[in-house]
Amino acid sequence: MTNPFGTTITSSDIVEDLSFFDSWEDRYRYIIDLGKQLPAIDESLKTDDRLIQGCQSQVWLEPYYHNGVLSFDVDSDAHIVRGLLAMVMSAYNNKPPAEIQAFDIDSFFNDIDLVKHLSPTRGNGLRAMVQKIKTIAQSNGPS
Amino acid sequence: MNDALAKNINAIDFASIRKDFPILDQDVNGYPLVYLDNAATTQKPQSVIQSLKNYYSRNNSNVHRGAHTLSDRATADFENARVEVQHFVNASKREEIIWTRGTTESINLVAQSYARPRLTNKDIIIVSAMEHHSNIVPWQMVCEQTGATLKVIPVNDQGELDLSAFQDMLSEQVKMVSVGHVSNALGSINPVKEIIEAAHAVGAKVMIDGAQAAPHFAIDVVDLDCDFYAFSGHKLFGPTGIGVLYGKESLLESMQPYQGGGEMIEVVSFDKTTFNQLPYKFEAGTPNIAGAIGLGAAIQYLNQFDRLELQRYEDGLLELATEQALATDDIKLVGTAKNKTGVLSFLIEGTHPHDVGTLLDQQGIAVRTGHHCAMPIMKQFNIPGTIRASFSFYNNQQDVERLFAAINKVKTFLV
Ligand SMILES: Cc1ncc(COP(=O)(O)O)c(C=O)c1O
Chain A
1 MTNPFGTTIT SSDIVEDLSF FDSWEDRYRY IIDLGKQLPA IDESLKTDDR LIQGCQSQVW
61 LEPYYHNGVL SFDVDSDAHI VRGLLAMVMS AYNNKPPAEI QAFDIDSFFN DIDLVKHLSP
121 TRGNGLRAMV QKIKTIAQSN GPS
Chain B
1 MNDALAKNIN AIDFASIRKD FPILDQDVNG YPLVYLDNAA TTQKPQSVIQ SLKNYYSRNN
61 SNVHRGAHTL SDRATADFEN ARVEVQHFVN ASKREEIIWT RGTTESINLV AQSYARPRLT
121 NKDIIIVSAM EHHSNIVPWQ MVCEQTGATL KVIPVNDQGE LDLSAFQDML SEQVKMVSVG
181 HVSNALGSIN PVKEIIEAAH AVGAKVMIDG AQAAPHFAID VVDLDCDFYA FSGHKLFGPT
241 GIGVLYGKES LLESMQPYQG GGEMIEVVSF DKTTFNQLPY KFEAGTPNIA GAIGLGAAIQ
301 YLNQFDRLEL QRYEDGLLEL ATEQALATDD IKLVGTAKNK TGVLSFLIEG THPHDVGTLL
361 DQQGIAVRTG HHCAMPIMKQ FNIPGTIRAS FSFYNNQQDV ERLFAAINKV KTFLV
């Protein structure tokens with residue numbers, strides 16, 4: 001399975017899709033469904049050094065830098081967190097580092113009304129994930 | 001309705017209890033709130049909220065020092081609260097009640113003031129495998145500092161302590177045993193009286209972590225004969241940032257404080273400082289005056305009830321919840337001790353607790369998910385954590401039913 005996020009499914013697609021739902025059931029079914037479209041990473045990549053700290057669920061991240069473009073393998077053992085990761089990937093995956101650095105992730109999260117899911121106390125580690133990706137983008141970017 | 005609940009629901013005036021807790025009367029995410037995270041912290045009755053308001057709007061002042069009326073009032077209320085606590089745990093003297101920030105600080109106080117100066121590398125401290133991190137880490141620190149060894153009472157698959165293994169661990173080298181009265185992760189009630197007696201037989205001192213016990217049943221430190229007992233105000237319908245350490249007077253007398261500063265001294269000079277008497281010598285700095293007064297109000301609130309009746313009612317709720325869990329496909333209970341209170345910890349096969357918690361929250365239901373600060377026992381059960389519904393006497397049958405209806409809905413998303 002190839003990762004559709006950041007290529008065929010973009011962050012603006014997600015903002016648009018979510019704007020159609022008005023019940024929490026539909027929103028969460030959609031989020032869980034996004035998670036299902038995120039390819040599972042290879043078991044051999046699920047190592048402690050790839051774990052993002054601060055997550056109640058386990059979240060793994062492996063970055064690749066190729067031809068000036070950053071891509072990521074990400075995974076989680078929780079369905080909703082996988083959906084949230086898919087959303088983050090729609091913004092960051094397959095992008096040049098400069099584009100990642102320039103992307104306004106806060107207003108994206110605002111648009112999809114995910115701000116409360118990002119509170120550090122929620123323990124899903126999304127903030128830590130975003131921070132990590134930004135750091136990777138910075139160290140691979142033109143600076 | 002199950003028998004235990006039916007028998008006891010009439011004994012307490014449920015509607016009026018519910019009204020005492022204003023926070024419960026609200027919608028969360030569009031649904032009436034069902035608060036089932038009582039093991040993390042309990043809600044506060046109006047009388048506690050009022051006592052804080054009254055303190056800050058009428059009496060706020062520092063204690064034990066002002067030569068003025070407000071300070072007298074604040075001091076009187078603060079010390080009366082101590083006496084409330086003394087009677088609440090049936091201690092013989094008010095000097096045996098030390099204010100702390102909570103259970104965690106109480107345990108650290110004993111670890112640093114009692115254990116640290118006395119233990120050597122030949123000595124042993126015993127805790128159990130189901131302890132909260134707050135009853136593990138302070139002892140690990142003392143072991144680091146003194147060279148003493150930490151040993152762990154094993155727990156069986158039901159979540160009960162292995163008492164015969166404990167007996168085998170006892171020897172003259174054991175100087176301290178510290179166990180929880182009730183497990184926050186599993187709900188097991190531990191046979192602490194037996195443990196205390198056995199530990200005393202080899203000359204060890206015993207500390208009981210009562211954080212999850214005090215909210216559910218009466219505590220009698222004399223009957224238990226424990227050396228130290230700790231609990232937190234915020235889990236007992238009182239404010240945050242206040243807690244209690246009970247200690248036997250003779251032991252507290254023999255201990256040196258581990259924090260220095262105002263209030264806890266008698267005379268300070270650069271040659272020699274002498275400490276104040278009990279209980280003040282362990283209360284360095286301006287204490288949480290409002291918190292202590294609020295905790296006193298919480299205990300007064302509890303005192304209007306027959307606690308045995310409240311306990312039977314809560315047991316009925318837990319029994320009902322357990323029955324419903326057993327009748328629900330895919331639910332696996334974690335912690336099935338014979339003697340339990342307050343806590344239903346479980347997993348839904350094929351789902352992650354974090355996902356379940358998120359979707360329950362969407363339906364107005366507050367539970368805790370995760371390792372509950374008891375990672376060692378989670379590791380033993382080989383699980384990342386659980387979903388924990390924890391009950392108090394202001395919960396009712398409808399709360400239990402809402403929980404299981406919501407769980408069935410969650411399953412349509414995840415299973
Ligand atoms: C069994 C147990 N011990 C200790 C603690 C720590 O209490 P506090 O955080 O109030 O110090 C808790 C709280 O979760 C607990 O459940």
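Read top to bottom, the protein sequences are chains A and B. In terms of the UniProt record's numbering, the first sequence has 97 at position 97, counting the first letter as 1, and numbering is strictly consecutive. In terms of the UniProt record's numbering, the second sequence has 166 at position 166, counting the first letter as 1, and numbering is strictly consecutive. We put the beta carbon where it would ideally sit given N, CA and C, even for glycine.
Classification of Ser143 (chain A) by the beta-carbon crowding that lies within 10 angstroms, buried from 16 upward:
Residue placement at Ser143 (chain A) is flagged as unreliable, the pLDDT there being 46, under the threshold of 50; the coordinate-derived value follows with that caveat. Ser143 (chain A) comes out exposed.
Just the residues with CB closer than 5 Å to a heavy atom of ligand 1, in chain order, which are they?
Going along the chain, the residues that qualify are B:Gly102, B:Thr103, B:Thr104, B:His132, B:Ser134, B:Gly180, B:Asn184, B:Asp209, B:Ala211, B:Gln212, B:Ser232.
Let me confirm a value: Ser16 (chain B) is counted as buried when at least 16 other C-beta atoms fall within 10 Å, else exposed. Which label applies?
By the 10 Å Cβ count, Ser16 (chain B) comes out exposed.
Closest residue to Gln173 (chain B) among B:Gly147, B:Ser128, B:Gln158 (Cα-Cα distance):
B:Gly147
Quick one, which residues of the region 9-33 of chain A are near chain B if we go by CB-CB under 7 Å, in chain order?
Trp24, Tyr28, Arg29, Ile32
Grab me the residues of Asp73 (chain A)'s own chain with a C-beta within less than 7 Å of its C-beta, minus the 5 sequence neighbours each way, in chain order.
Ile41, Leu45, Glu62
Counting only Cβ-Cβ distances shorter than 9 Å, please list the residues of the region 13-41 of chain B near chain A, keeping chain order.
Asn29, Gly30
Where the alpha helix (DSSP H) through Pro96 (chain A) begins and ends:
Pro96 (chain A) -> no alpha helix (DSSP H), and no H or E assigned at all.
Kindly indicate which residue of B:Asn156, B:Thr286, B:Asp315 has the alpha-carbon position closest to the one of Gly66 (chain B).
B:Thr286
Interface residues of chain B facing Val81 (chain A) [CB-CB closer than 7 Å]
His354
Have a look at the DSSP bridge pairing and note the partners of Val267 (chain B).
B:Thr274
Pop quiz: Leu243 (chain B) and Thr100 (chain B) are said to be a contact at Cβ under 8 Å. What is the actual Cβ separation, rounded to whole angstroms?
The displayed chain sequence assigns Gly, not Leu, to residue 243 (chain B). That belief holds up - the Cβ atoms of Gly243 (chain B) and Thr100 (chain B) are roughly 5 Å apart, short of 8 Å.
Compare the C-beta of Gly370 (chain B) against all C-beta atoms of chain A and say whether one is closer than 8 Å.
yes
I'd like the span of the alpha helix (DSSP H) that includes Asp26 (chain A), first residue to last.
Unbroken alpha helix (DSSP H) run through Asp26 (chain A): 24-37.
Residues bridged to Ile98 (chain B) by DSSP?
Partner residues in the beta bridge of Ile98 (chain B), as assigned by DSSP, are B:Leu245.
Measuring alpha carbon to alpha carbon, tell me which residue in B:Glu266, B:Asp399, B:Gly291, B:Gln26 is nearest Gly316 (chain B).
The shortest C-alpha to C-alpha distance from Gly316 (chain B) to any of B:Glu266, B:Asp399, B:Gly291, B:Gln26 is the one to B:Asp399.
Would you verify that the beta carbon of Gln37 (chain A) is, or is not, closer than 8 Å to some beta carbon of chain B?
Taking Cβ atoms only, chain B never reaches closer than 8 Å to Gln37 (chain A), which makes this a no.
For the region 84-93 of chain A against the region 19-29 of chain B, are there 3 or more C-beta pairs whose distance is under 8 Å?
no
Look at Asn62 (chain B) and Ser51 (chain B) and say whether their C-beta atoms are less than 8 Å apart.
No; because the gap between Cβ atoms is not below 8 Å, this pair is not in contact.
Considering only residues of the region 64-94 of chain B, which uninterrupted alpha helix (DSSP H) runs meet the minimum length of 4 residues and lie entirely inside it, listed in chain order?
69-88
Close Cβ partners of Val83 (chain B) (< 7 Å) along its chain, the five nearest in sequence each way excluded
Arg94
Using a beta-carbon distance below 8 Å, is Ala86 (chain A) in contact with chain B?
no
My assumption, with CB atoms under 8 Å, is that Ala115 (chain B) sits in contact with Val155 (chain B). Please give the rounded CB distance.
Actually they are not in contact, since the Cβ atoms of Ala115 (chain B) and Val155 (chain B) sit about 23 Å apart, beyond 8 Å.
Using CA atoms only, rank isn't needed, just tell me which of B:Gly102, B:Leu251, B:Tyr229, B:Glu194 is closest to Pro239 (chain B).
B:Gly102
Here's the rule I'm using: 16 or more other beta-carbon atoms within 10 Å means buried, otherwise exposed. How should His66 (chain A) be labelled?
exposed
Every unbroken beta strand (DSSP E) within the region 95-145 of chain B, with a cutoff of 3 residues, ordered by chain
Listed in chain order, the complete beta strand (DSSP E) runs (minimum 3 residues) inside the region 95-145 of chain B are 97-100, 124-128.
Length of the line joining the Cα atoms of Gln277 (chain B) and Ile299 (chain B)
26 Å
Neighbouring residues, chain A, relative to Phe282 (chain B) (Cβ below 8 Å)
The contacting residues do not exist; Phe282 (chain B) stays about 32 Å from chain A at best.
Quick check on Gln53 (chain A) - is its C-beta less than 8 Å from some C-beta in chain B?
With 8 Å as the cut-off, Gln53 (chain A) does not count as an interface residue toward chain B.
Along the region 382-398 of chain B, where does the CB come closer than 8 Å to a CB of chain A? Name the residues.
Pro384, Gly385
His354 (chain B): first and last residue of the uninterrupted alpha helix (DSSP H) it sits in
Per DSSP, His354 (chain B) belongs to the alpha helix (DSSP H) from 353-361.
List the DSSP bridge partners of Glu323 (chain B).
DSSP output for Glu323 (chain B) lists no bridge partner at all.
Counting C-beta neighbours from all protein chains within 10 Å, is the total for Lys248 (chain B) 16 or more, i.e. buried, or is it exposed?
buried
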